[in-house]
Amino acid sequence: MSVKSSALDRVLTLELARVTERAAVAAARLRGHGDEVRADRVAVDAMRKELNTLDIAGTVVIGEGERDEAPMLYIGETVGTGKGPKVDIALDPLEGTTITAKAMANSLTVIAVAEEGSLLHAPDVYMDKIAIGGGFPDGLVDLDKTPGENIKALAQAKGVDVRDITACILDRSRHAKLIAAVRETGAAIRLIGDGDVAGVIDTTNPEETGTDIYMGIGGAPEGVLAAAALRCIGGQMQGRLVTGSDAQKQRAAKMGIEDFDRKYTLCEMASGDVMFAATGVTDGSLLSGVRFGGNKISTETVVMRSLTGTIRWIKATHSDQSKFE
Ligand code: VTB
Numbered sequence: 017m018s019v020k021s022s023a024l025d026r027v028l029t030l031e032l033a034r035v036t037e038r039a040a041v042a043a044a045r046l047r048g049h050g051d052e053v054r055a056d057r058v059a060v061d062a063m064r065k066e067l068n069t070l071d072i073a074g075t076v077v078i079g080e081g082e083r084d085e086a087p088m089l090y091i092g093e094t095v096g097t098g099k100g101p102k103v104d105i106a107l108d109p110l111e112g113t114t115i116t117a118k119a120m121a122n123s124l125t126v127i128a129v130a131e132e133g134s135l136l137h138a139p140d141v142y143m144d145k146i147a148i149g150g151g152f153p154d155g156l157v158d159l160d161k162t163p164g165e166n167i168k169a170l171a172q173a174k175g176v177d178v179r180d181i182t183a184c185i186l187d188r189s190r191h192a193k194l195i196a197a198v199r200e201t202g203a204a205i206r207l208i209g210d211g212d213v214a215g216v217i218d219t220t221n222p223e224e225t226g227t228d229i230y231m232g233i234g235g236a237p238e239g240v241l242a243a244a245a246l247r248c249i250g251g252q253m254q255g256r257l258v259t260g261s262d263a264q265k266q267r268a269a270k271m272g273i274e275d276f277d278r279k280y281t282l283c284e285m286a287s288g289d290v291m292f293a294a295t296g297v298t299d300g301s302l303l304s305g306v307r308f309g310g311n312k313i314s315t316e317t318v319v320m321r322s323l324t325g326t327i328r329w330i331k332a333t334h335s336d337q338s339k340f341e
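If you're matching positions, the sequence shown starts at 17 in our numbering and goes up one per residue.
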């Protein structure tokens with residue numbers, strides 16, 4: 017692959033690991049404590065501290081909420097030392113607060129960094145999503161096709177029986193029809209409680225994760241974060257905002273969305289040079305969770321960059337625990 021030049025320094029991808037690691041360690045201390053709010057707060061605090069040491073002039077475009085509802089890492093907050101390139105930042109310091117509070121599988125700390133203007137400024141509404149891994153013809157699956165058509169098209173392209181396909185869907189009552197339609201085809205469903213960023217990324221490695229396709233409605237911010245990862249790994253994804261109520265339309269309009277029914281492609285959600293990092297908080301299909309042991313802490317992180325397509329898995333052992341206090 018020929019590597020184009022970019023305003024972003026490649027060292028930044030590695031520095032992002034420190035940001036997600038720090039948030040993950042903070043949140044992991046509260047695994048299973050039943051306190052989602054506190055787990056989220058410590059992750060936000062830790063992520064923000066580390067982010068502010070980076071030489072970037074960053075603006076949070078997807079964060080903890082709008083300024084009046086989130087004290088830190090709110091949309092529009094500037095982060096970093098201000099000395100480096102202008103970048104847009106999408107983050108979720110704790111993707112899966114409930115999972116963490118219950119110490120269940122698949123909670124992550126996540127960040128995506130891209131050149132200014134490259135990430136969809138998704139409002140805090142729902143997004144209908146469909147995603148599959150790489151190596152398939154463009155448009156193989158589509159939000160405008162029925163679930164049955166999508167599942168069958170994927171099975172055919174993979175050369176397998178429909179019963180060999182597993183769809184990942186959030187376990188929500190709003191998905192009753194979707195779940196019934198997928199089951200009707202004979203395909204299997206992996207229902208997840210939360211954590212659809214990991215659910216989407218899982219489709220890029222079905223051999224390991226057992227997930228072939230992600231379908232259904234989750235958070236729009238999580239959709240953009242997942243899209244950023246898929247831009248780096250390769251894969252297909254479409255998203256459409258769900259803006260049924262006037263309040264949701266207003267939220268979307270405030271973020272500059274004009275066409276509420278627009279179907280966004282992967283590149284329309286995350287374009288340009290995109291970097292992505294995630295660290296496991298609890299064990300999951302993508303990453304192992306944080307381990308505390310004696311006088312060291314272990315973390316597992318994945319960092320990626322769309323420009324080069326490099327994906328790095330970083331297993332880190334932290335002996336100096338003072339930076340996590
Ligand atoms: C999903 C899930 C996230 O939000 O995006 C979900 O993957 C959507 O909102 O982990 P609902 O819970 O209302 O369905 C999260 O749970 C994060 O809050």
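The C-beta atom is built at its ideal place from N, Cα and C for all residues, glycine as well.
Please read all numbers here as calculations on a predicted model, not as lab measurements.
Three CB pairs or more closer than 8 Å across the region 290-300 and the region 112-119: The answer is yes - the region 112-119 touches the region 290-300, with three or more Cβ pairs under 8 Å.
Rounded separation between R188 and K99 - CA only: Per the coordinates, the alpha-carbon of R188 lies some 44 Å from the alpha-carbon of K99.
Residue(s) in a DSSP beta bridge with G260: According to DSSP, which records beta bridges pairwise, G260 is partnered with nothing at all.
Contact belief for I7 with A183 at Cβ below 8 Å, rounded distance in angstroms: Because residue 7 is not part of the residues shown, which for the chain are 17 to 341, the question remains open.
V240, enclosing alpha helix (DSSP H) - first and last residue: Element bounds for V240: A236 to I249.
Straight-line gap, V318 to K193 (C-alpha atoms, nearest Å): CA-CA distance, V318 to K193, rounds to 34 Å.
Backbone secondary structure at M17 - three-state DSSP: Its pLDDT being 44, under 50, M17 is placed unreliably in this model, and the value from its coordinates should be taken loosely. In this structure, M17 counts as coil in the three-state DSSP scheme.
Whether R206 touches T227 by CB criterion (9 Å): Cβ atoms of R206 and T227: closer than 9 Å.
For F292: DSSP bridge partner residues: According to DSSP, F292 bridges with A128 and M320.
Three-state secondary structure assigned by DSSP to G309: In this structure, G309 counts as strand in the three-state DSSP scheme.
9 Å Cβ cutoff met for E238 and V258: Not closer than 9 Å, so no.
Boundaries of the beta strand (DSSP E) in which E111 is found, first to last residue: Residues K102 to E111.
Unbroken alpha helix (DSSP H) run spanning K99, endpoints: Counting along the chain, K99 falls outside any alpha helix (DSSP H), and DSSP gives it neither H nor E.
A244 vs V290 beta-carbon contact at 9 Å: Contact: yes.
Contact the region 96-111 vs the region 270-282: 3+ CB pairs below 8 Å: The region 96-111 is not in contact with the region 270-282.
Beta-carbon contacts of K265 that lie in its chain and below 7 Å, excluding the five residues immediately before and after: Closer than 7 Å at Cβ, skipping near neighbours: T259 and F276.
Expected contact under 8 Å - CB spacing of E52 and T113 to nearest Å: Yes, E52 and T113 are in contact; Cβ-Cβ is about 4 Å, under 8 Å.
CA-to-CA distance, V60 to G202, given in whole angstroms: G202 and V60: Cα-Cα distance of roughly 42 Å.
DSSP bridge partner residues for E314 (one or two, in chain order): One point to set straight first is that residue 314 is Ser, not Glu, in the sequence displayed. DSSP lists R307 and T333 as partners of S314.
Beta carbon nearer than 6 Å to a non-hydrogen atom of the ligand VTB: Checking every Cβ against the heavy atoms of the ligand VTB under 6 Å gives E111, G112, L186, R188, D210, G211, D212, G234, G235 and E238.
Between the CA atoms of R57 and E37 - distance to the nearest angstrom: E37 and R57 have their C-alpha atoms spaced approximately 15 Å apart.
CB-CB length for G235 against Y142, believed under 8 Å: Contact flag correct, Cβ pair sits at about 7 Å.
Helix, strand or coil at T69 [DSSP, three-state]: If DSSP states are grouped into helix, strand and coil, T69 belongs with coil.
Straight-line gap, D71 to T97 (C-alpha atoms, nearest Å): So the two alpha carbons sit approximately 5 Å from each other.
Pairwise C-alpha distance: P87 and E341: Distance from the CA of E341 to the CA of P87, rounded to the nearest whole angstrom, comes to 21 Å.
Inter-residue Cα distance where the pair is T324 and I249: Distance between the alpha carbons of T324 and I249 is about 10 Å.
Per-residue burial, M17 [other beta carbons within 10 Å of its own, 16 or more giving buried]: Residue placement at M17 is poorly supported in this model, since its pLDDT is 44, which falls under 50; the coordinates still yield a value, given next. Taking all protein chains in view, the Cβ of M17 is surrounded by fewer than 16 other Cβ atoms within 10 Å, so the residue is classified as exposed.
Rounded straight-line distance, which links the Cα of S134 to that of T219: Distance between the alpha carbons of T219 and S134: 23 Å.
Buried versus exposed, by CB contacts within 10 Å (16 or more), S261: Result: exposed.
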